[in-house]
Each structure stands twice: as structure tokens, then as C-alpha cells.
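Here the numbering used here is used: the first residue of the sequence shown is 229, the next is one more, and so on. Just so you know, even glycine gets a beta-carbon here, dropped at the ideal spot from N, CA and C. Only a predicted model underlies this, so the values are computations on that prediction, with no experimental measurement involved. For reference, the structure discussed in these notes is given below.
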Amino acid sequence: MLWPAISSLRFAARPTDLEQAAANRTKQRLVALLREVYGDDWDRFARDFVPPPGVASFAHLLAREGVTPHLRPGGDGIQVVRRWTGMVAERYYRLVHDALRAADPEALVFGDRLPIYYDPAAVRAMAPWVDAIATNYNVDSPDGWIARYYFDGLRALGAGKPVLVSEWFFAANENR
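What follows is the structure, encoded as C-alpha cells:
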């Protein structure tokens, strides 16, 4: 998955982009984005993120492996996290779309079977590249109430693409 955790520039289910070696192209692109967003001003960056110990510049951030800045409470760093998420998601979905269309121009392209939460930036980036947005839906309440806002949000973020419920599930009492 490509979705960032809220507390850092860490991406789930893979090593973080910033923890990689300086030669890693993705890390280079992310550091370039940070330099662009913050006008190459480390102090501005540090108002939005808590830098890792021993890292005092964008050059240090690029050079160091195994380090990740964390969002600073009260800062606005989530905006750059959202922007990066959109960039990574757009690249991923465009590559998937192009590969599937090359193999079978008539194939339907669905998104990732989104779980009961989704990242709005990733859904926006996905929309141009899929025929429908797929989601797994878990009914949260014991009375079976359906959260219309969940589906309304997907439709709005997905530029009107149809939403396919690819899995519907209820948790058993012992799993609550």
C-alpha cells in the first residue's frame, strides 16, 4: 500500500522513502519536493516536521539512511504529506492503467479495494486511471447502519466514477 501514516512521512508495508540510501531515486524526488515546498529553507521545514536526531539540513536528510522526520504538532506538514501521497499514487495508478491497457485494452481497471478508510489524496490521484473505485466495506454498527457519507465521499473524490463494493463484511461478536 502507498498510504502514509499520519505521524510521519512513513509509508505502510514498505521501508520509508526517506530511510533509503541517497542514490534511491524516490528519496531524491521526495527531498527535492521538500526543498521546493519549503523554498530550500530548513528552518521552515522544521516548523512543520520534527527532524531526526543529527539531521540539520536537506543535504543531511538525503545523505542519512534509516531516518524519518515526524509531523510537528501544530505544523502544516500534512499538506506536503498529502501532496507526496498524490504524486506517488498518481504514478502508481498510471503505470498500472497503462500496463493493463497494453495487455488488454478492454479490461476493466479497478482501484485497490480500499479498506473502510481511505486517503483522499490517493483516491483523487486514482480516479483518472480506473474505470471504477473498488472498496471493501465493513458495517461498523451492530444494527447494520450504512455510512452513506463513506460512499458519497468516494464518489466526490473519484470524479463520479462508479464505486464497486468488492467485499462486504460484518465482524463476529468475538472479534469486536
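Would you mind giving the Cβ-Cβ distance between residue i and residue j, rounded to the nearest angstrom? I have them listed as a contact below 8 angstroms.
i, j, result
"Pro297", "Pro281", "Not really, about 11 angstroms apart at Cβ, beyond 8 angstroms."
"Ala317", "Met354", "6 angstroms"
"Ala291", "Trp270", "Actually they do not touch by this definition, with Cβ atoms about 14 angstroms apart."
"Gly305", "Phe277", "5 angstroms"
"Gly339", "Ala362", "5 angstroms"
"Val351", "Leu392", "At roughly 14 angstroms, the Cβ-Cβ gap does not stay under 8 angstroms, so Val351 and Leu392 are not in contact."
"Leu246", "Val295", "7 angstroms"
"Ala349", "Arg310", "4 angstroms"
In three-state terms, what does DSSP make of residue i?
i, result
"Leu246", "helix"
"Trp396", "strand"
"Leu336", "coil"
"Pro232", "With a pLDDT of 41 at Pro232, under the threshold of 50, the modelled position of that residue is not reliable, and no figure is offered here."
"Val324", "helix"
"Val351", "helix"
"Ala360", "strand"
"Val295", "coil"
"Gly388", "coil"
"Asp271", "helix"
"Gly314", "helix"
"Ala241", "At Ala241, the pLDDT of 32 sits below 50, so the modelled position is not reliable and the matter cannot be decided from this model."
Relative to the C-alpha of residue i, which residue among the options is closest?
i, options, result
"Leu336", "Arg257, His325 and Arg352", "His325"
"Ile300", "Val265, Tyr321, Arg275 and Arg322", "The residue asked about is misnamed: residue 300 is Arg in this sequence, not Ile. Nearest of Val265, Tyr321, Arg275 and Arg322 to Arg300, Cα basis: Arg275."
"Val358", "Arg322, Asp332 and Asp368", "Arg322"
"Asn364", "Pro370, Arg341 and Gln248", "Arg341"
"Ala249", "Ala375, Phe379, Tyr377 and Leu289", "Leu289"
"Ser394", "Pro356, Ile344 and Glu334", "Ile344"
Provide the residue(s) that pair with residue i in DSSP beta bridges, ordered along the chain.
i, result
"Tyr365", "Trp396"
"Phe286", "In DSSP, Phe286 forms no bridge with anything."
"Phe277", "Leu299"
Can you confirm whether residue i, when its beta carbon is compared against all beta carbons of chain B, has any partner nearer than 8 angstroms?
i, result
"Asp269", "Chain labels in this structure do not include chain B; a single protein chain is all it has."
Mind checking which residues open and close the alpha helix (DSSP H) that includes residue i?
i, result
"Gly381", "Arg376 to Leu385"
"Arg341", "Unbroken run through Arg341: none, as it is neither H nor E."
"Ala260", "Arg253 to Val265"
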